[in-house]
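Colleague:
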């Protein structure tokens with residue numbers, strides 16, 4: 002019985018509360034009733050007035066994009082104002098008539114204007130539609146003089162990206178362009194507007210979150226002509242952050258001029274910090290083409306051009322490094338103690354392994370060679386011998402230690418990793434075991450081995466500083482409106498190579514350039530002890546083609562390499578030069594390295610006439 | 030089995046008709062909005078009509094099954110929806126920057142809407158089984174609190190701040206109708222008050238902004254502040270009789286944001302005026318009043334709690350949404366029951382009404 006009693010009592014309590022609840026709910030309803038009465042009946046005519054000609058507008062105020070500046074304050078990438086012709090459909094009394102008037106005024110085809118307008122259809126009629134970007138002064142004054150007749154037409158000043166030096170490191174700075182559909186979806190969280198600019202390539206892309214800035218806007222009341230009568234509220238745009246880069250404008254300009262003639266790339270680094278002093282890639286393009294929308298023909302021309310001007314060859318070309326790689330093989334042999342520096346090999350011009358013959362580039366052989374001479378004269382037979390003693394996995398270990406075969410981590414998007422083969426890699430890739438002969442090719446930088454110019458420059462930086470592989474980087478500071486970012490200290494990967502080995506290698510590199518028998522004599526500069534190494538990357542199919550026709554077209558010509566450090570005893574700059582189909586490293590690439598080093602040290606040195614030197618030719622093997 | 034005539038006698042026709050009227054008004058209103066937005070959104074009213082048919086079937090099913098049976102399995106049902114909420118979180122469809130939907134066969138389902146109902150079932154089961162002369166202490170409330178938290182967290186992470194808030198409101202509305210220990214009330218309120226500011230740190234920037242804007246609209250005059258202004262203009266400009274069907278300039282010229290979800294009421298108010306608003310207000314009042322009446326006259330605790338939970342949910346959604354459109358509440362994304370576009374929500378509320386009818390029919394059992 003007690004339970005029943007409880008239930009009745011409890012039920013009663015709940016019922017009391019339901020009554021209270023119902024009363025509370027009623028009060029809320031009465032509140033809403035009076036609020037609506039106030040808004041719709043008492044203030045009804047006021048709000049109707051406001052809605053009849055809804056004159057409260059939101060105008061977007063675009064933020065100026067951050068600039069890219071050099072350490073000395075030079076503006077490398079900036080902005081300039083652009084005068085855009087906009088149209089607010091709601092304010093235009095008769096759209097076709099307005100278009101006709103505008104077409105006549107600007108002497109532009111009517112269809113072109115209408116096409117721009119059609120594209121924006123389906124958007125709210127109070128949102129401005131851009132009809133023509135970047136009006137000239139003349140056109141602007143024409144439009145302004147007719148303003149009273151052109152209801153709903155406005156001219157707005159928009160800061161636009163401008164690359165003042167035209168073709169000045171376009172591969173490094175990249176370019177901006179109108180945001181596309183996929184990017185709009187990808188950055189949905191960052192509230193980009195249709196038609197807004199976004200970094201598409203290079204540093205512009207990497208630095209997008211810093212460079213972009215924050216859009217502002219106006220909430221204003223306008224009159225029937227669309228003119229602002231009263232500003233109700235304003236949010237100032239915040240300019241994007243300025244990015245300071247390590248490029249030295251003078252050296253960069255030298256580098257660009259040096260590669261202008263032929264496809265190729267030059268990279269110069271500070272060997273201790275990894276700061277990029279110059280990075281040039283050729284052929285080049287004008288980034289200003291992209292800022293306000295590139296036209297389809299120009300785009301077609303850039304993307305289908307056989308020499309790929311949009312490719313940043315400094316980080317996106319991976320080619321066999323050729324004899325440059327002998328530096329790695331030599332270090333591996335010394336560090337693993339498979340030889341001592343006096344180890345001597347007789348080079349008859351070839352080496353036989355089983356039934357196969359591996360040729361040295363010098364047909365009649367170098368004779369007796371020790372390590373120093375083998376590096377200076379780039380003797381292939383010597384390094385074939387080392388390859389057999391080392392095996393591919395040891396070579397792989399040292400190449401990887403020196404930063405080859407993986408992305409360097411520079412701020413530029415699209416970097417290629419290169420490739421350093423190993424037994425494991427080959428098994429995975431080809432389901433076929435590693436062949437001994439392939440080790441011989443790898444030891445002289447042919448076969449599977451692939452490097453980018455930047456990677457070779459980084460390797461030289463590691464040799465120059467002697468203790469670590471620096472992370473190459475361009476950005477040295479990011480300055481924002483209120484705060485300054487200090488970029489993370491670059492990552493340094495320690496290398497474990499003895500001082501004795503490094504000394505032997507550096508001495509040999511100096512010999513390559515400065516000894517009479519060296520292959521890199523064209524990089525010699527009086528007064529500066531330059532060290533370097535030549536390399537020549539075979540182009541597949543060359544021999545077949547030559548045998549058949551006897552003639553060699555340019556696109557089967559070998560790729561020329563030269564890496565350098567200067568001065569050898571206290572390195573301040575390391576350089577990697579890559580000449581696509583340039584021929585031999587010593588003749589094509591070494592002079593460019595000399596020029597860039599001379600430019601860095603500001604000495605005017607040019608090659609004397611009739612200079613003789615050893616020529617390395619491509620290594621012949623299967 | 031003989032059909033009990035008393036069931037039919039106690040069927041609340043008024044409640045049923047009021048719901049149909051609200052759905053009808055909702056679809057008419059969506060039709061008007063669709064006409065203004067062009068071809069891309071004419072589908073809204075059509076899809077809503079299809080969902081209404083689905084909801085009608087669901088309603089019939091939930092009228093037929095005795096509610097006691099549903100409450101019996103309440104924990105399993107709610108468990109299933111919690112599972113679904115986590116599924117959404119990890120593999121749902123993202124729209125407008127939040128992950129709330131599961132897509133199938135061209136339709137998308139929003140489990141958080143249906144979970145509102147299952148959460149009410151689960152709380153009803155707990156409170157009707159554990160109610161006794163002894164008031165509830167803090168220790169007794171641990172289980173429902175835990176239930177709230179594991180439902181709240183996945184929705185909060187979607188992120189759907191408005192819906193997550195509704196779950197808290199459901200929970201607290203249950204507490205209003207039971208006896209709490211005197212010494213529990215104070216610490217409980219204290220804990221809630223301490224906990225609220227902590228939430229601030231979990232909010233996304235845009236959510237924080239919305240709340241700050243409510244207190245100071247001048248912070249963001251370009252977006253949320255502008256939305257509220259345009260919504261108030263729309264409501265106010267309706268006047269006594271409104272501008273007429275399909276003639277609301279605020280909505281037709283698309284000054285109004287989120288017309289088919291959060292701000293449907295503004296469209297209605299602009300086109301049908303104060304009289305139209307009063308009709309909607311009265312219909313909702315009858316709906317909620319009838320819900321309370323059914324709770325009042327139910328002979329079982331389960332019936333009362335279930336009816337109260339559903340009525341409070343409907344009221345909270347209604348009240349918050351209207352306050353949003355007239356600038357009395359931050360724009361947190363709480364849609365208007367029966368009128369905002371959204372299939373899962375419509376089906377969920379129709380199930381709710383079905384259950385109210387169900388409890389009313391079986392009040393003597």
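Residue numbers (the working numbering), protein chains in the order written: chain A, 2 to 623; chain B, 30 to 394.
A virtual CB, placed ideally from N, CA and C, is assigned to each residue, including glycine.
Using the beta-carbon of each residue, which ones in chain A are nearer than 8 Å to residue 255(B)?
Modeller: Position 226 of the second chain holds residue 255(B). Here the neighbours are 57, 59 and 220.
Colleague: If we cut at 8 Å on Cβ distances, does residue 23(A) have a partner in chain B?
Modeller: Indexing the first chain from 1 puts residue 23(A) at position 22. Yes, its Cβ sits closer than 8 Å to a Cβ of chain B.
Colleague: Enumerated in chain order, which unbroken segments of the beta strand (DSSP E) with a length of 3 residues or greater are wholly contained in the stretch 293-374 of chain A?
Modeller: Qualifying beta strand (DSSP E) stretches, in chain order: 346-348, 351-354, 357-360 and 368-370.
Colleague: At the level of alpha carbons, what is the spacing between residue 68(B) and residue 60(B)?
Modeller: In the second chain, counting from the first residue as 1, residue 68(B) sits at position 39. In the second chain, counting from the first residue as 1, residue 60(B) sits at position 31. For residue 68(B), the predicted model reports a pLDDT of 47, less than 50, meaning its position is unreliable and no value from the coordinates is stated.
Colleague: Name the chain B residues that come within less than 7 Å of residue 18(A), Cβ to Cβ?
Modeller: Position 17 of the first chain, counted from the start, is the residue given in the question as residue 18(A). Neighbours of residue 18(A) on chain B, chain order: 205 and 206.
Colleague: From residue 39(A) to residue 291(B), what distance separates their C-alpha atoms?
Modeller: Sequence index remark: in the first chain, residue 39(A) carries index 38 (1-based). Sequence index remark: in the second chain, residue 291(B) carries index 262 (1-based). Cα to Cα, residue 39(A) sits roughly 22 Å from residue 291(B).
Colleague: Rounded to whole angstroms, what's the CA-CA distance from residue 58(A) to residue 219(A)? Just pull it up for me.
Modeller: Against the first chain, residue 58(A) aligns to sequence position 57. Against the first chain, residue 219(A) aligns to sequence position 218. Distance between the alpha carbons of residue 58(A) and residue 219(A) is about 8 Å.
Colleague: Which of the residues in the stretch 351-369 of chain B, read from start to end, lie with their CB under 9 Å from any CB of chain A?
Modeller: Result list: 351, 352, 355 and 357.
Colleague: From which residue to which residue does the beta strand (DSSP E) around residue 207(B) run?
Modeller: Reading the second chain from its first residue, position 178 is the one you call residue 207(B). Looking at the DSSP string, residue 207(B) is not in any beta strand (DSSP E), and its letter there is neither H nor E.
Colleague: So, do the stretch 442-461 of chain A and the stretch 389-406 of chain A have three or more beta carbon pairs nearer to each other than 8 Å?
Modeller: They touch, by the three-pair rule.
Colleague: Ignoring anything shorter than 3 residues, give me the beta strand (DSSP E) runs that lie fully in the stretch 161-194 of chain A, in order along the chain.
Modeller: With a minimum length of 3 residues, the continuous beta strand (DSSP E) runs that stay inside the stretch 161-194 of chain A are 177-179.
Colleague: Determine the chain B residues that contact residue 26(A) at a beta-carbon separation under 7 Å, and present them in chain order.
Modeller: Counting from 1 along the first chain, the entry for residue 26(A) is found at position 25. The answer, in chain order, is 317 and 344.
Colleague: Is the beta carbon of residue 176(B) closer than 8 Å to that of residue 380(B)?
Modeller: Taking the second chain and counting its residues from 1, the one referred to as residue 380(B) is at position 351. Taking the second chain and counting its residues from 1, the one referred to as residue 176(B) is at position 147. No, the Cβ-Cβ distance between residue 380(B) and residue 176(B) is not below 8 Å.
Colleague: In chain A, which residues lie with their C-beta within 8 Å of the C-beta of residue 162(B)?
Modeller: Locating residue 162(B) in the second chain gives position 133, where the first residue counts as 1. Those within 8 Å of residue 162(B) in chain A are 7, 10 and 11.
Colleague: For residue 352(B), name the three-state secondary structure that DSSP assigns.
Modeller: Here residue 352(B) refers to the residue found at position 323 of the second chain. The answer is helix: DSSP assigns residue 352(B) an H, G or I state.
Colleague: Rounded to whole angstroms, what's the CA-CA distance from residue 143(A) to residue 90(A)? Just pull it up for me.
Modeller: Here residue 143(A) corresponds to residue number 142 of the first chain, with the count starting at 1. Here residue 90(A) corresponds to residue number 89 of the first chain, with the count starting at 1. Rounded to the nearest angstrom, the two C-alpha atoms are 21 Å apart.
Colleague: Please name the residue in 216(B), 170(B), 40(B) and 114(B) whose C-alpha comes closest to that of residue 179(B).
Modeller: For this step, residue 179(B) is matched to residue 150 along the second chain. Measuring from the Cα of residue 179(B), the nearest candidate turns out to be 114(B).
Colleague: For residue 19(A), count neighbouring C-beta atoms within 10 Å of its own C-beta (all shown protein chains included) and say buried if the count is 16 or more, exposed if not.
Modeller: To locate residue 19(A), count along the first chain from 1; it is residue 18. Buried: at least 16 other Cβ atoms inside 10 Å.
Colleague: How far does the beta strand (DSSP E) with residue 560(A) in it extend, from its first residue to its last?
Modeller: To locate residue 560(A), count along the first chain from 1; it is residue 559. Element bounds for residue 560(A): 560-567.
Colleague: Looking only at C-alpha atoms, which of 498(A), 439(A) and 205(A) sits nearest to residue 463(A)?
Modeller: Here residue 463(A) refers to the residue found at position 462 when the first chain is read from its first residue. Out of 498(A), 439(A) and 205(A), 498(A) has the C-alpha closest to the C-alpha of residue 463(A).
Colleague: When we look at the beta-carbon of residue 296(A) and count the other beta-carbons within 10 Å, is it buried (16 or more) or exposed?
Modeller: What you label residue 296(A) is simply residue 295 of the first chain in a count that begins at 1. Flag for residue 296(A) reads exposed.
Colleague: I believe residue 367(A) touches residue 289(A) by the beta-carbon criterion, under 8 Å. Please report the beta-carbon distance rounded to the nearest angstrom.
Modeller: For this step, residue 367(A) is matched to residue 366 along the first chain. For this step, residue 289(A) is matched to residue 288 along the first chain. In fact, because the Cβ distance is near 52 Å, the residues do not count as touching under 8 Å.
Colleague: Taking one C-beta from the stretch 207-218 of chain A and one from the stretch 306-319 of chain A each time, how about it: are there three or more such pairs within less than 8 Å?
Modeller: Flag = no, the stretch 207-218 of chain A and the stretch 306-319 of chain A do not touch.
Colleague: Does the distance from the CB of residue 279(A) to the CB of residue 597(A) come in under 8 Å?
Modeller: As a first step, residue 279(A) must be located in the first chain, where it is residue number 278. As a first step, residue 597(A) must be located in the first chain, where it is residue number 596. Taking 8 Å as the Cβ cut-off, residue 279(A) and residue 597(A) qualify as a contacting pair.
Colleague: Unbroken alpha helix (DSSP H) runs of length 4 or more, entirely within the stretch 33-96 of chain B: which are they?
Modeller: Entirely contained in the stretch 33-96 of chain B, the alpha helix (DSSP H) runs reaching 4 residues are, in chain order, 34-38, 42-66 and 72-93.
Colleague: From 243(A), 336(A) and 205(A), pick the residue whose C-alpha is nearest to that of residue 291(A); which is it?
Modeller: Numbered from its first residue, the first chain carries residue 291(A) at position 290. When only C-alpha atoms are compared, the closest one is 205(A).
Colleague: Cβ of residue 423(A) less than 8 Å from any chain B Cβ?
Modeller: Residue numbering aside, residue 423(A) sits at position 422 when the first chain is read from its first letter. False, the Cβ-Cβ gap to chain B never drops below 8 Å.
Colleague: Give me whichever residues DSSP pairs with residue 632(A) in a beta bridge.
Modeller: Outside the displayed span of chain A (2 to 623) sits residue 632(A), for which this structure offers no information.
Colleague: Measuring alpha carbon to alpha carbon, tell me which of 108(B), 295(B) and 349(B) ends up nearest residue 32(A).
Modeller: On the first chain, residue 32(A) is found 31 positions in, with the first residue counted as 1. Ranking the options by Cα distance to residue 32(A), first place goes to 349(B).
Colleague: Is there a Cβ from chain B that is less than 8 Å from the Cβ of residue 38(A)?
Modeller: As a first step, residue 38(A) must be located in the first chain, where it is residue number 37. Cβ-Cβ to chain B under 8 Å: yes for residue 38(A).
Colleague: Nearest to residue 221(B) by CA position, among 305(B), 40(B), 260(B) and 174(B), is which residue?
Modeller: Walking along the second chain from the start, residue 221(B) turns up at place 192. Answer by Cα proximity: 174(B).
Colleague: Closer than 8 Å is the cut-off here; do at least three beta carbon pairs connect the stretch 510-522 of chain A with the stretch 467-474 of chain A?
Modeller: Not touching, per the Cβ criterion.
Colleague: Could you check whether the Cβ of residue 266(B) sits closer than 8 Å to any Cβ belonging to chain A?
Modeller: The residue you call residue 266(B) lines up with position 237 of the second chain. By this cut-off, residue 266(B) is an interface position.
Colleague: Taking three-plus beta-carbon pairs below 8 Å as touching, is the stretch 317-324 of chain A in contact with the stretch 433-451 of chain A?
Modeller: A contact exists between the stretch 317-324 of chain A and the stretch 433-451 of chain A.
Colleague: Just the Cα atoms here: how many angstroms apart are residue 475(A) and residue 249(A)?
Modeller: As a position in the first chain, residue 475(A) is number 474, starting the count at 1. As a position in the first chain, residue 249(A) is number 248, starting the count at 1. C-alpha separation (whole angstroms): 11 Å.
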